[in-house]
Amino acid sequence: MTQDDRSKTNLVLLTVDALRPDHLSSYGYSLKTDEALDPFRNKIAVFKNAYTYSMATVRSFPAIMASIWPDLCETKVLWQYVKKLDIPYKARMLAEIFQDHGYHTIAHTCWTNFLTPGQGYARGFDDYVGISREDHLPPDSLFNSFVKHTIYTMRYCPSKKMVHFFERAFHWLRETYNALSKKNLKQPVGLEGRNCVTVTNYILDRLTALEPNKPFMAWAHYLDTHIPLNPPEENQGNRDKLHAIKRILNEAILKQKPIRHDLMPVLLDLYDRSILHVFSQINRIFKFLERRDQLKNTCIVILADHGYGFWEHGYWETPPEQFYDESIRVPLMIYHPELSSGMPSIEQPVSLIDLAPSLLNICGISEENTFFGESFVSLLQEKSSVDPKKSIWIETIDDSHFYCRIKKQSKIIYDQDGGRFLLKLNHQDRVDSLLESEQKDFLDDLKLYERSKREFAEKIKT
Ligand SMILES: [Zn+2]
Numbered sequence: 001m002t003q004d005d006r007s008k009t010n011l012v013l014l015t016v017d018a019l020r021p022d023h024l025s026s027y028g029y030s031l032k033t034d035e036a037l038d039p040f041r042n043k044i045a046v047f048k049n050a051y052t053y054s055m056a057t058v059r060s061f062p063a064i065m066a067s068i069w070p071d072l073c074e075t076k077v078l079w080q081y082v083k084k085l086d087i088p089y090k091a092r093m094l095a096e097i098f099q100d101h102g103y104h105t106i107a108h109t110c111w112t113n114f115l116t117p118g119q120g121y122a123r124g125f126d127d128y129v130g131i132s133r134e135d136h137l138p139p140d141s142l143f144n145s146f147v148k149h150t151i152y153t154m155r156y157c158p159s160k161k162m163v164h165f166f167e168r169a170f171h172w173l174r175e176t177y178n179a180l181s182k183k184n185l186k187q188p189v190g191l192e193g194r195n196c197v198t199v200t201n202y203i204l205d206r207l208t209a210l211e212p213n214k215p216f217m218a219w220a221h222y223l224d225t226h227i228p229l230n231p232p233e234e235n236q237g238n239r240d241k242l243h244a245i246k247r248i249l250n251e252a253i254l255k256q257k258p259i260r261h262d263l264m265p266v267l268l269d270l271y272d273r274s275i276l277h278v279f280s281q282i283n284r285i286f287k288f289l290e291r292r293d294q295l296k297n298t299c300i301v302i303l304a305d306h307g308y309g310f311w312e313h314g315y316w317e318t319p320p321e322q323f324y325d326e327s328i329r330v331p332l333m334i335y336h337p338e339l340s341s342g343m344p345s346i347e348q349p350v351s352l353i354d355l356a357p358s359l360l361n362i363c364g365i366s367e368e369n370t371f372f373g374e375s376f377v378s379l380l381q382e383k384s385s386v387d388p389k390k391s392i393w394i395e396t397i398d399d400s401h402f403y404c405r406i407k408k409q410s411k412i413i414y415d416q417d418g419g420r421f422l423l424k425l426n427h428q429d430r431v432d433s434l435l436e437s438e439q440k441d442f443l444d445d446l447k448l449y450e451r452s453k454r455e456f457a458e459k460i461k462t
């Protein structure tokens, strides 16, 4: 242990799946969903306009953990229409840099299919819990397709009894498969694997086992706020009625069709209570570090990978062609012991592709030209040096290639394949007219942006 180690700033990165900022009290929501942060609020900077790079878990995390755009990754089909993206070998993962600088690195990715070692997400972690290499089954095996269908059915299964039945069936199948193939699949399925209490327990256990002065970087991914929503049972009231409602909700979401007007408050209540539950666990992390006198040198970052559509604009989840705020805007809150108290929230739009370099900056780690993104940390200082006219890009490539640019609070969407502007959105209102000068400004901006991407891609290849 060196003197240098003791003065290092620790990092706790908390990613909460599909968490919408407009459902957090920190962002003005009427319910106290994240009041668990209140005791620490005077050292928390709230970024009011943070945006994901792309609005699906699989496409958002390359930007968060490696500061690269998702199409630098190699795409592989995981099963049916679900794709996974492999982080290129030459791209640097945030955790690798922390590890190289003497940090102990810990992650629990909540058994998310898109955050596996095979895709690069365990790179740089001393302790990693998630779907491991052994949990990858041969993609063409009959067992694999049966398991995937079982998991998929369970995902939308509204009844706890049915879920428990599937869990027991899967457990039996997994053990039989292990016995026959001499493999050791460990992946839990159903509710057991996606509980914020389990994830938090793991992180706190690992931190407890560390030498007190060893610097650390910890990453927890929480899934409780993603459909299906299962906040703790004790508050749920009439269980049978709720299960019936959940069945209707889950089917509507699966088939992309609207639900009865009176059911929406039930769905939003489940969502809000799931948020409350996750923040109770985030509070445990703060309290744990406070007890150990480690809050004074730890930065804690809370964010989401993408938003979630609750049929405000006629869709559920996050279809790739929808750039409404409910899909692309994410919460981003940074606790830092040296922040001046009572700091106003930050209105300047920021992108999650710029998060990794910002976190290095906050923790005092200098690494030149590692990431595609640029640090926005100066926004936390009194005199901001970040260009207020900076463009924030959101990009999706699915059946078609779309760009969305946020600049000076306005949003323009461009269909690259069709060479046409779809619409301009100001806040959430549709404004269909786009001046010629605005189109030219956008296309000039896009050219510059694509050039900087090409230059970075060359570096990753060589
Ligand atoms: Zn997600």
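Residue 107 in the UniProt record's numbering sits at position 107 of the sequence shown, and the numbers go up by one each step.
We put the beta carbon where it would ideally sit given N, CA and C, even for glycine.
Check	Outcome
Of the choices 370, 339, 72, 120, whose alpha-carbon is the least far from that of residue 362?	339
Taking 7 Å as the line, does the beta carbon of residue 467 fall inside it for any heavy atom of ligand 1?	Because the chain in this structure spans residues 1 to 462, residue 467 falls outside the shown range and cannot be described.
Restricting to runs no shorter than 3 residues, where is the beta strand (DSSP E) found entirely within the segment 308 to 394?	329 to 335
By DSSP's criteria, residue 299 is part of a beta bridge. Which residues make up the other side?	11
Helix, strand or coil: which one does DSSP assign to residue 217?	strand
Check the DSSP bridge columns for residue 436 and list the partner residues they point to.	Answer is none; residue 436 lacks a bridge partner.
How would you call residue 381, buried or exposed, if buried means at least 16 neighbouring beta carbons within 10 angstroms?	exposed
Exposed or buried, residue 134, counting other C-beta atoms within 10 Å across all chains shown (16 or more means buried)?	Low local confidence applies: a pLDDT of 46 at residue 134 is under 50, so the model's placement there is unreliable, and no value is given.
When DSSP labels each residue in this structure, what does residue 415 get in the three-state scheme?	strand
CB-CB under 7 Å to residue 315, same chain, minus the five flanking residues each way: which ones, in chain order?	256, 309, 322
Could you check what DSSP says for residue 222 in three-state terms: helix, strand or coil?	strand
Below 8 Å between beta carbons: does that hold for residue 365 and residue 104?	no
Under the three-state reduction of DSSP, which class applies to residue 208: helix, strand or coil?	helix
Within 10 Å of its beta-carbon, does residue 332 have 16 or more other beta-carbons around it, so buried, or fewer, so exposed?	buried
Indicate the three-state DSSP secondary structure (helix, strand or coil) for residue 444 in the structure shown.	helix
Just to confirm the assignment, what range does the beta strand (DSSP E) spanning residue 106 have?	104 to 108
Could you tell me the distance, in whole angstroms, from the CA atom of residue 63 to the CA atom of residue 354?	8 Å
Just reading off the alpha helix (DSSP H) that residue 95 is part of, what are its end residues?	94 to 100
Buried or exposed: which applies to residue 215, given that a residue is buried once 16 or more other Cβ atoms fall within 10 Å of its Cβ?	buried
Ignore the nearest five residues each way along the sequence and tell me which others in residue 392's own chain have a CB closer than 6 Å to its CB.	51, 349, 351, 406
Report yes if the C-beta of residue 18 is less than 7 Å from at least one heavy atom of ligand 1; otherwise report no.	yes
Does the Cβ-Cβ distance between residue 229 and residue 270 come in under 8 Å?	yes
Tell me the rounded alpha-carbon separation between residue 305 and residue 177.	34 Å
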